[in-house]
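Number of protein chains: 2
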Amino acid sequence: MTSKDDKTIRVTMKDVARAAGVSQSTVSFVLSGTENMRISAETRARVLEAVEALGYRSRAAGRPTGGQGHRVIGLMFDEIATSPFASISIEGLQEEAWKQGVIVEVVMTGGNRAHETAVLNKWAADRVHGVAYASILTREITPPDALARHKAVLLNCTDSTGRVSSIVPAERRGAELATRTLIEVGHRRIAFITGEPWMDASVQRQEGYKRALSVAQIEVDPALIVEGNFLPSGGHAATVALLESAQPPNAIFCANDLMAIGCYEALKERGHRIGETIGVMGYDDQEVAQHLSPRLSTVLLPHREMGQWCARKLLDSSDMNPEAIRLEGPIMIRQSHLGVCAPETTA
Amino acid sequence: MTSKDDKTIRVTMKDVARAAGVSQSTVSFVLSGTENMRISAETRARVLEAVEALGYRSRAAGRPTGGQGHRVIGLMFDEIATSPFASISIEGLQEEAWKQGVIVEVVMTGGNRAHETAVLNKWAADRVHGVAYASILTREITPPDALARHKAVLLNCTDSTGRVSSIVPAERRGAELATRTLIEVGHRRIAFITGEPWMDASVQRQEGYKRALSVAQIEVDPALIVEGNFLPSGGHAATVALLESAQPPNAIFCANDLMAIGCYEALKERGHRIGETIGVMGYDDQEVAQHLSPRLSTVLLPHREMGQWCARKLLDSSDMNPEAIRLEGPIMIRQSHLGVCAPETTA
DNA sequence: TCAGCTTGTTAATTTTTATTAGCAATAATT
DNA sequence: AATTATTGCTAATAAAAATTAACAAGCTGA
């Protein structure tokens, strides 16, 4: 009886073609991204739009394959993971999926579009349950056209077209919270060492820093914002500059943990006792954060939870509406952020 | 051109039907589980058996014989990679495979045998070209039985039965070379901080250390071998113990880089200048090694090359004989291993 | 015994998609 | 202006899989 009901007139390529005002062949070409077929950007967009509007999924993708055999989720990374970020989100996704007997296959494409398309088409033929498309660097991307044939989510990146669900860390809120933590333990002159200025994470963390200061009615002093490069060397140089300025800060917020390593060294060289004479806050909660002395207070990126969310979103077949999530991570309170208390400086 | 050659004869419903002694329609009904069609349990079982035997997977309809289905190599990791070791070997394997248009699918099983078997069976059904089975910790393992179905290699682990080809880092030779490097720049009293004693890598690195001393006709002083734990804390404690002993060393070889971090701290606390008053050598070439000050001389693990070897071994169809490789990695010569020169002490 | 029903299957047909070849329209070249 | 190339697409076609209708075999009750 249900079998009659879910006979809901399957959406086929022909339907998409009609809606987009092109031929079925064109739809096929767009979706399988065949190189030697030239389709104008405009037509491609029209086709993808129609695919989205009609909810076309090649075959009953995202539905248990009537037969047996394990279901599969594909996880595609653009670049290879040097940082442990990737591993942790893979782990989260994988564990959550395996709870439901679903296998996760990971592919690293090196950002090569041909490679991506080949894999997405292979997965379409395999009728994977869904695909998570992940970026190492948090950023806005344009997913490959072939992704449209899958039930998909974006991990650690957002979709410029807004068609696909996505989850990214809430960098702004994380940085705001970290800065507020520094303020709450009494710091008032809080410096910020930025990352590479072209990276979204860098910009957003700086925005969070400024907003926390504004909320606390502390004036943002441009002299306290120094450009770094997300590497220890940059952290070292920026810290030296800050210490030699007219009014040195009493706390330093580094836009990532690696820069905090350099910051530590510079502070120690000048005789500072971190967590006592000056406070330091990092970002990322890389493994080193726990090994620095004193242990570095930092902001955790919720990569595991992001991976879990992807698995749940892909496996919940009732949940089809696209949404863009920004997930907050907790502040890892350790020792480095403490320091000279405000009462002493105001007294 | 190569695409013409690998005309992987696609298994179609018709083939399954022939094998099960039924019609294509029946196979279709069994697989799509259409309710209003009655198929006897017996026939259903026969069909499913044939599907399994032939490794049939439903392909998107309408693919003519051309079938340029990409070949696939499966890469299976037991544990999730917190360290970047895994990422680098994945990268090596993947790049080498993609050169030949072969896709690499990675699966992390968390060491769960049921999961491993499920994936290996799925890959068998997918007709993957080969499987690399990898371990995060270098060690001897017993591969799952289902691995026997595949052309397989072991990455970073060895096979207790010796049936499967394997590649692991040459820990003994690496440690020997590192120790020799310390000797060559003039050190004579060289201490060794061990890792967790139950780990193979720890034992073998210690053997290499001893062998280098023997070759150089330097007596192995048991007081210079201190137990660590592969963590900065252990490196710190061991270094303190060494410095407070009757005859402190003039170089310290840490069995991994993390311990070198703790070692650095302890040395700096006691006023040592690393690379001048004392030499330090690490192992692993983790990313921090470049960020420590002075930059840490250490032994590189050839993970990329190991991954590449796996791809080549699996893709070279003429090469079937099993072999067990131990691959050497170079010493990353930086500043930390230098120190009090021999000429001064001998003069 | 035999019409009528159920069950299990298949042959034939239809649907769906991939792919080859080629066509109209423009752009570049002579 | 004529010729050639290139671009952007479609028509036609090929093939796999889904579906329909039909059919054989067994079974039931008059």
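Protein chains in written order, with this note's numbering: chain X, 1 to 347; chain B, 348 to 694. Virtual Cβ for every residue (Gly too), placed ideally from N, Cα, C. Bear in mind the structure is a predicted one, so any value in this text is a computation, not a measurement.
- When DSSP states are grouped into helix, strand and coil, N121(X) belongs to the helix group.
- The beta carbon of A465(B) falls within 9 Å of a beta carbon belonging to chain X, placing the residue at that interface.
- Not flagged as an interface residue toward chain X: G477(B), since no C-beta distance is shorter than 9 Å.
- Residue pairing by DSSP leaves L605(B) without any beta bridge partner.
- Burial check for E276(X): the Cβ neighbour count within 10 Å stays below 16, so the residue is exposed.
- Between E91(X) and E105(X), the alpha-carbon positions lie close to 12 Å from each other.
- Inter-segment contact for the region 107-119 of chain X and the region 430-444 of chain B is present: three or more beta-carbon pairs are separated by less than 8 Å.
- For P431(B), a Cβ of chain X is located within less than 9 Å of the residue's own Cβ.
- For W470(B), the number of other beta carbons within 10 angstroms of its own is at least 16, and it is reported as buried.
- Secondary structure at D492(B): helix, using DSSP grouped into helix, strand and coil.
- Contact of Q551(B) with chain X by beta-carbon distance below 7 Å is absent, the smallest such distance being about 24 Å.
- In the structure shown, G74(X) falls within a strand segment according to DSSP collapsed to helix, strand and coil.
- Of all alpha-carbon atoms in T645(B), L674(B), V646(B), L643(B), the one lying nearest the alpha-carbon of C657(B) is that of L674(B).
- Shown here for L224(X): same chain residues with a beta carbon closer than 8 Å to its own, the five before and five after excluded, namely R189, I190, A191, F192, L242, P249 in chain order.
- Taking the Cα of R651(B) as reference, the smallest distance to any Cα among L661(B), S664(B), G676(B) is reached at G676(B).
- Relative to A114(X), the option among D257(X), N36(X), A86(X), G339(X) whose CA is nearest is N36(X).
- Neighbours of H462(B) in chain X, taken as residues at a C-beta separation under 7 Å, are given in chain order as W98.
- Along the length of the region 585-632 of chain B, whole alpha helix (DSSP H) runs at least 4 residues long occupy 604-616, reported in chain order.
- Shown here, G555(B) sits in a helix according to DSSP, grouped into three states.
- Nearest to L529(B) by alpha-carbon distance, out of M667(B), R385(B), S644(B), is S644(B).
- At a C-beta separation below 8 Å, M455(B) has these neighbours in chain X: I90, E91, Q94, V104, V106.
- Contact annotation: the region 441-451 of chain B does not touch the region 161-178 of chain X, with fewer than three C-beta pairs closer than 8 Å.
- Nearest CB-CB separation between R404(B) and chain X: below the 9 Å threshold.
- Boundaries for M546(B): no alpha helix (DSSP H) harbours it, and the DSSP string shows neither H nor E there.
- Contact between L639(B) and I625(B) is ruled out by a C-beta separation of about 14 Å, above the 8 Å threshold.
- Inter-residue distance for A19(X) and I386(B) is about 39 Å (C-alpha atoms, whole angstroms).
- Secondary structure at I435(B): helix, using DSSP grouped into helix, strand and coil.
- Of all residues in the region 483-515 of chain B, none is placed with a Cβ closer than 9 Å to any Cβ belonging to chain X.
- Cβ neighbours of H417(B) within its own chain (closer than 8 Å, five residues either side excluded): G448, V449, I450.
- Taken in chain order, the members of the region 247-280 of chain X whose beta-carbon sits within less than 9 Å of a beta-carbon on chain B are L258, I261, G262, E265, K268.
- Within chain B, S434, I437, E438 have C-beta atoms less than 7 Å from the C-beta of I80(X), given in sequence order.
- The three-state secondary structure of I183(X), taken from DSSP, is helix.
- None of the residues of the region 304-319 of chain X has a beta carbon lying less than 9 Å from any beta carbon of chain B.
- When C-beta distances to chain X are compared with 7 Å, the residues of the region 577-593 of chain B below that value are P579, in chain order.
- At least one C-beta of chain X is nearer than 9 Å to the C-beta of G448(B).
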